Every structure is written in structure tokens, then in C-alpha cells.
Amino acid sequence: YLIPSFRKRQSKALWKLSTFTMGKKSKRTRGQSQEETTTAPSLRKEIVEEETRDNLQFEDPYVDEYEEEGSEGEEEMGDELVQNQTLNPYHTTKESLEMDPSAYKMHFALRGEWPSLSFDFVRDSWGEGRTRFPHQLLAVVGTQADTPENNSVQVWKLSDLGKINQDEDEEDQDYDKPDDNDDSDDDEIDYDPILEHATVQHSGGVNRIRNHKGIVASWSDLGTVNIYSIDVEGLCMDNIKPPALINAYTGHPTEGYAMAFSSTEGRLASGDNQGNIHVFEEDFKTATPMYTSKESVEDIQWSPTETTVLAAGEVGGLVKIYDTRAPNRSMLEKTVGNADVNALSWSKLVTNLLASGCDDGNWSVWDLRKFEDPLARFTCHTTPITSMEWHPTDESMLVVSDEVGSFVYDLSVEEEEGHEKEDLPPQLLFVHSGSPQTKEVHWHPQITSCVMSTAYNGFHAFIPSNL
204 YLIPSFRKRQ SKALWKLSTF TMGKKSKRTR GQSQEETTTA PSLRKEIVEE
254 ETRDNLQFED PYVDEYEEEG SEGEEEMGDE LVQNQTLNPY HTTKESLEMD
304 PSAYKMHFAL RGEWPSLSFD FVRDSWGEGR TRFPHQLLAV VGTQADTPEN
354 NSVQVWKLSD LGKINQDEDE EDQDYDKPDD NDDSDDDEID YDPILEHATV
404 QHSGGVNRIR NHKGIVASWS DLGTVNIYSI DVEGLCMDNI KPPALINAYT
454 GHPTEGYAMA FSSTEGRLAS GDNQGNIHVF EEDFKTATPM YTSKESVEDI
504 QWSPTETTVL AAGEVGGLVK IYDTRAPNRS MLEKTVGNAD VNALSWSKLV
554 TNLLASGCDD GNWSVWDLRK FEDPLARFTC HTTPITSMEW HPTDESMLVV
604 SDEVGSFVYD LSVEEEEGHE KEDLPPQLLF VHSGSPQTKE VHWHPQITSC
654 VMSTAYNGFH AFIPSNL
């Protein structure tokens, strides 16, 4: 696991070996003191005789140097006892963490004027499966400011996101190795990242923001769902314009957090804290109240294949499957835990898999064909699960965030015999710590294994070195 280890040094006691040399019988005269006699011959002061023709003196250019006890050099002769203390990545720590550059192919941190609870990537026209550096990406961001009028919805363009140059010792460098990849020179250049953005004022803090093909929806903490349009082609051509408001929907009785676009038809659904789910029409100007529950709806996910099916996670540990052709009732219901369901993620590659994350830190993977016992359950997190998302191209991998950081799991890794529950799960591939109160994490849909998270201390965009 690429988990930072922290060291506390304890100096081992320095033991000196005294060497005694057996020599000829002492020729000490009566005038010599006891101190002079017991002094090692090599440390005695030499009696300088007058140089004569019969007694020539020669200077030795290689004089032995002796270091007295207690000098600075002694510390280098002693052994050091280094104790590795393993940091549990699931627990909060007061230690100041340092980033290990060798754990990342790319890492950038960005802190705005106000923190953000939510963001979403915008698909661009720069290609799929990108791996060549420097990278560039588009995103929409919503703020949580001190007053409602200070909030905004922002469109970001981040460019010149270069690769971390790993320091390599001179002895480890292979100068005779030919350079087979001509593009490697571009990867090693130190780029200065560039942020370009356009902003529109948003009434109230942004609880959640989502994007689909140039349509942006935001949940306001004042109870309004705002719909915007953005010029994606212009963003790709360096023509950055602020989002244009299409509609401010006020049909919900209270604020909410659940919001999702259908990947098949682009339909928008929103859920509020009173258990209401509204589904918008294609023009996004009107919405129909479809379902009402007794508990708050915390998250919504549309089916990646069925155009009318969606899942909702609720307070109280309940997950419901709805079909818009059958209003006011659920098709399936399952209590997935004892705590509130904060996050859901429906796999786009294996479409019968649904992941759920709860307020007690437990998260599970379910097979919707049976929807009985979970295929996998993880109880290692000690803080609430805040977000989760399946990898866009790897069917067994997903990223999960809690109040401590972001965690990448590979469910294809099997548990070995003798594994104890207290150990870290073998499916854990990568941990990005040091981001307190992480609220959302997403895979970039087009940059291979690029992850971005938002937390109290800002945004982090990174690519793990083992992915």
C-alpha cells in the first residue's frame, strides 16, 4: 500500500572500545609524572630535539589524526535505532503529514476564496484515455461562502498539469539506456499550472452541482434548483464564458442534496430533505413530483442502461429503486445499514452492481439481480462516507471518500488466508490523506486514473503512481 510511514528517531547508546597496546618496558625517569606515564604514546607531547647534521628530522605528510571523546564525529560512529510507526489511514491524526512525491504521477492542490461542497467534471473534446503530460481539464464548482450573496457557480479550465519529476540518485541513473519514448522529454518538463475561470453569482450556498453535456444543475441551500448552460466548445477553444441561467426551480418545499443526470437521456432528478423526488422535463423548465418518502433523500443515481430507473439513498439506511413509469411507489427496497445512506454509485460497466456508503463509515456493494446479501462490505472507515464513484474504465475499481481522505479500492483482489480484521483490507490500493472533511471525489472520465477531491482545505487533483 502506498501509505506514508512516519519515523521517530532514538539514538542508541554509543559504546567506545579502548585499545591497549602491549609495548616495551617503560623508561620513565623519576622526573616524569604519573599522568605522563599513563598517557597513550600516540597522544603524548613529543620532545622536539634540536636538528643537527647527525640527527636529521623528517616530516610525515600522513600524520594520524585522533579525535577526542565527546566530539561531533562520534555521533556518526554510533548506530541509530529507527522505529517505523504505521499510520492508520482511517483515523484522524494531529500529526503534520508530508506528501510523498513518489506516490504520485501528478499532484496539484488549489485553494479558492471559499470552500466547496461539490464539483463535477465537464467532458471535453481533447480525447479519451489521455495519459500524456501535461494534462488539462474542465470542471464546474459551487461555493459555500459566509453570506448567500457571496456564493457563485464557477467554470474552471485547468491546464499545464505536469508530471511530478522524481528525484533519482546519480548512482541509480542508467546513462547507457536508450530513450525509447520520444514523448518522455515532454513529461519531464516543469510546467506552471494555469487556472482560467468564469463566474456567475449564485443565490445561497451550493449543496451539490452536476453537469451533463453543457447543462449544469445546482442545489441551493435556499431550496432552489438552478439550471445553467455552458459553452463547452468555447471552453475547449479558450473562449471561457460564465454559465447562463436557464431556470430557477422553486417547486421543492425545502433544500436538498440529492441530484443526478441520467447518462442515457440526460433527464434530471432532484431529492430534498423532506423525502420528495422531482424529475425534470427535457426543457428543464418544469418538473414533476414523482415520489414522496418519510425520510430525507441523501443521494440519487440513475441506471446506466434503463432510461426510467433510478436509485435513492435515504436517512435510516434505506435504498429504494424507482421507475418513473410507476409514480408514488418503489420497485425495490433494501435496508443496507443501520445509519443514513450518504452516497450511492451505480456501475456503468457492470450495470447490476450498486455501491452504497453510510454515515457510520460502512460501505457495501450490492447485486441488484438479488439485492439480498452484499457482495462485499467494508467496515474499516471510522468517519462517515461522503462520496463514492466507480472507475470509468476498470470494472472492479472505485474511489471512496470520508472525513479523513480519499481511498482507492480494487475489488478483484482476494483476501489471503490468515488475514485479520484489524489489518488494512487487501483491496485498498491507494490513500490520499491530509484533506480534512473531504466532501466529494470524482474520477476524470477522460484522463486515465485521474482523481479530484474537494475538502475544507481546497481541491486536490492527482494521479496515483500505482494506477
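Under my numbering, the first residue of the sequence shown is numbered 204, with each subsequent residue one higher.
Every residue gets a Cβ at the ideal spot worked out from N, C-alpha and C, and that includes glycine.
From a predicted model like this one, the values you see are computed outputs, not experimental measurements.
- Closest in C-alpha terms to G459, from the list G474, T334 and F483, comes G474.
- Here DSSP, grouped into helix, strand and coil, assigns A579 to strand.
- Annotation: the continuous alpha helix (DSSP H) that includes G437 extends over V435 to C439.
- Residue pairing by DSSP places Q630 in no beta bridge whatsoever.
- In the same chain as E592, and ignoring 5 residues on each side of it, the C-beta atoms closer than 7 Å to its own belong to S548, L601, V602, V644, H645 and W646, in chain order.
- Considered as a whole, the segment 473-528 harbours no complete run of any alpha helix (DSSP H) with no fewer than 4 residues.
- 8 Å or more divides the Cβ of H338 from the Cβ of C583.
- In this structure, P396 and L361 form a Cβ contact; the two beta carbons are roughly 7 Å apart against a cut-off of 8 Å.
- Contact check for E517 and V539: beta-carbon distance about 10 Å, past the 8 Å limit, so the pair fails to qualify.
- E619 and L670 have their C-alpha atoms some 22 Å from each other.
- T589 is positioned such that its CB atom lies closer than 8 Å to that of D605.
- By the Cβ neighbour-count rule, T495 is exposed, with fewer than 16 other Cβ atoms within 10 Å of its own.
- Between T457 and N476, the C-beta gap is smaller than 8 Å, which places the two residues in contact.
- Between S466 and V522, the beta carbon gap of about 19 Å keeps them out of contact (Cβ cut-off 8 Å).
- Between the alpha carbons of D576 and Q630 lies a gap of roughly 19 Å.
- Nearest in C-alpha terms to T657, of all of V607, D393 and S355, is V607.
- Non-local C-beta neighbours of P530 in its own chain, meaning closer than 6 Å and more than five positions away in sequence, comprise M493, ordered along the chain.
- P667 is bridged by DSSP to Y307.
- Residue environment: D486 is assigned as exposed (fewer than 16 neighbouring CB atoms within 10 Å of its CB, all protein chains considered).
- For G469, the closest alpha carbon among the candidates Q504, P445 and Y394 is that of Q504.
- The alpha-carbon separation between M462 and T296 amounts to approximately 33 Å.
- Between the alpha carbons of H400 and L535 lies a gap of roughly 43 Å.
- For the set S499, D363, N353 and W566, the Cα lying nearest the Cα of A664 is the one of D363.
- Ranked by Cα distance from T510, the first of A490, A472, T489 and E301 is A472.
- For W566, the closest of R572, H294 and L578 by C-alpha to C-alpha distance is L578.
- The three-state reading of DSSP puts N353 in helix, counting H, G and I together.
- Contact check for H294 and T585: beta-carbon distance about 6 Å, within the 8 Å limit, so the pair qualifies.
- For D323, the uninterrupted beta strand (DSSP E) run begins and ends at S321 to V325, by DSSP.
- Q404 and N354 have their alpha carbons spaced roughly 6 Å apart.
- Residues P292, L300, V607 and G608 of the same chain have their beta carbon placed closer than 7 Å to that of S636, with the five preceding and five following residues left out of the count.
- One alpha carbon belongs to F464, the other to H415, and they sit about 7 Å apart.
- In the structure shown, the three-state DSSP call for V343 is strand.
- Per DSSP, D395 lies in no beta strand (DSSP E) segment and is marked neither H nor E.
- Collapsing the DSSP output to three states places W329 in coil.
- Of the candidates M302, K308 and S423, K308 places its Cα closest to the Cα of T651.
- Just measuring C-alpha positions, the residue of F311, I449, V428 and L556 sitting nearest E598 is L556.
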